[in-house]
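Residue numbers (mature numbering (1 follows the signal peptide of the UniProt record, and there is no 0)): -24 to -1, 1 to 496.
C-beta atoms are modelled at their ideal positions from N, C-alpha and C, and glycine is treated no differently.
Rendered as structure tokens:
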């Protein structure tokens, strides 16, 4: 890694004046509310309402851009608003979880880390929101790699309703996959942005430059191979660069930090390539039909014997294993297997959300080599859908439960009658509903950023439908679904219309009509 992060943070803190740490709202044109004095008070006092109670202020914020977009004083926070602090979904989440850190030293290190990303990333007006999200995600990743004791405490903590810190790097890969092809597209001189970045970074260092030129020639052979799909090229590039870094391990940090114009770091590019490599090798994890010849089943069996897990968790994993074993005994198609594994995983965590952390980190190994972790397996189908380039997989199932293989049975419904809304959430024998089928069709047509922004809301809708414990009646389910739809992009009505204008043909009405009917 780059060395102790705290030293970098302290150095920045010493040399950057308190004025530069003033309220982010100044940069957003809200200088009338600015306050240049420093403030070390706990983040729980950042926003307070008339009663002095803490208030989140992030309701309805959605989408990856809103993770890093500065927000002004929230509704209800009419006094003692902390002017001198940067407020956005990501930073507020970081500050809020600082209270769970065990030692004072951890809290000091963590607060300095927050200040560093504020200064170097969030307040950098030259960066787009997407670039800020990517840079922040890798900053968090690097910080947690160095501060392992903090990593164990916060990785699965939530960032408002958006997701967890664990999700950040995966989101960055999804976002950058959208623009990765332009980085390796060869021009008339068989050159590309990736090659230019490698040459520019090593120019003047004869030793590094010479090995980079050799690497470029090897990568060029891959990119010029017309028999390979784009996904195959990216997978081969990953393996080539991985081998290169293993040979030149003393330069690994230097190469990972190379900036690719219009994209990000070489490290983030490698992660995108790794995503394609995992997609194209998914069969090595899902092939076989027993504990002895299937990497996934073997890993799950080992997890059920792990005494560090509670009896309840081991029981849940055992049930999960047995369902997969039964399915794999009759179905051999890799894509269908992946869809099924994803489906029952999402159904399980809707009812048992506490198991996410344990299941996600189960290691998958093939012939002694690490393929990844269990969450990589679940994520592959969403990655292929977002990038649209995997080719080898249909990936019809995203990161939400219930695959859309066949439409749910349709009952004839009178045009947009409110009393008929319950029929839209009846679960069919294929484990689908009219409402989720319609949402999925539109979801699959959106770009990666819009899909990612809607993910948490879609998962909440799924939970409302399938969780019969928390939402025990149809009326309660519909009330919750209406609340979720209304909270999506509630601060941006134009963006909200993307969902509200979705037409439900079987009901002859829109999502907006569904919501206008009111509670269940």
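Q. What are the residues that DSSP puts in a beta bridge with residue 81?
A. The partner list for residue 81 (beta bridge, DSSP) is empty, contrary to what the question assumes.
Q) Apart from the five residues on each side of it in sequence, which residues of its chain come closer than 6 Å, Cβ to Cβ, to residue 251? A) 149, 359
(Q) Between the alpha carbons of residue 403 and residue 409, how many angstroms are there, rounded? (A) 5 Å
Q: Within its chain, find whatever has a CB closer than 6 Å to the CB of residue 485; leave out the 5 residues flanking it on each side and keep chain order.
A: 392
Q. Cβ of residue 441 within 8 Å of Cβ of residue 416?
A. no
Q: Check the DSSP bridge columns for residue 139 and list the partner residues they point to.
A: 135
(Q) With a threshold of 6 Å on Cβ separation, who are the neighbours of residue 497 within its own chain once the five nearest residues in sequence on each side are excluded? (A) Past the boundaries of the shown model lies residue 497; the chain is included only from -24 to 496, so the question cannot be answered.
Q: Taking only the alpha-carbon atoms, compute the straight-line gap between residue 491 and residue 311 and give it to the nearest angstrom.
A: 36 Å
Q: Note down, one range per segment and in chain order, each beta strand (DSSP E) of at least 3 residues found wholly within the segment 206 to 280.
A: none
**Q.** Between the CA atoms of residue 257 and residue 140 - distance to the nearest angstrom
**A.** 27 Å
(Q) Using a 10 Å radius around the Cβ and a threshold of 16 neighbouring Cβ atoms, would you call residue 481 buried or exposed? (A) exposed
Q.
Per DSSP, what are the beta-bridge partners of residue 340 in this structure?
A. 348
Q.
Residues in the same chain with beta-carbon distance under 7 Å from residue 74, minus the five sequence neighbours each way, listed in chain order, please.
A. 19, 83, 86, 87
Q) Going by other Cβ atoms of all chains shown within 10 Å of its Cβ, with 16 needed for buried, is residue 352 buried or exposed? A) buried
**Q.** Of the listed residues 259, 172, 214, nearest to residue 237 (C-alpha basis)
**A.** 172
Q: Could you tell me if residue 7 is buried or exposed, where buried requires 16 or more neighbouring beta carbons within 10 angstroms of its beta carbon?
A: A caution first: residue 7 carries a pLDDT of 37, below 50, which makes its placement in the model too unreliable to give a value.
**Q.** Nonlocal neighbours in the same chain, by C-beta distance under 6 Å from residue 117, ignoring five residues either side
**A.** 145
Q. Which residue's Cα is closest to the Cα of residue 202: 222, 438, 161, 332?
A. 161
**Q.** Contact the segment 179 to 197 vs the segment 262 to 276: 3+ CB pairs below 8 Å
**A.** no
Q: On the DSSP bridge assignment, give the partners of residue 180 in chain order.
A: The partner list for residue 180 (beta bridge, DSSP) is empty, contrary to what the question assumes.
**Q.** Beta-carbon gap between residue 437 and residue 398 smaller than 8 Å
**A.** no
(Q) Distance check for residue 230 and residue 210, CA to CA, integer angstroms please. (A) 22 Å
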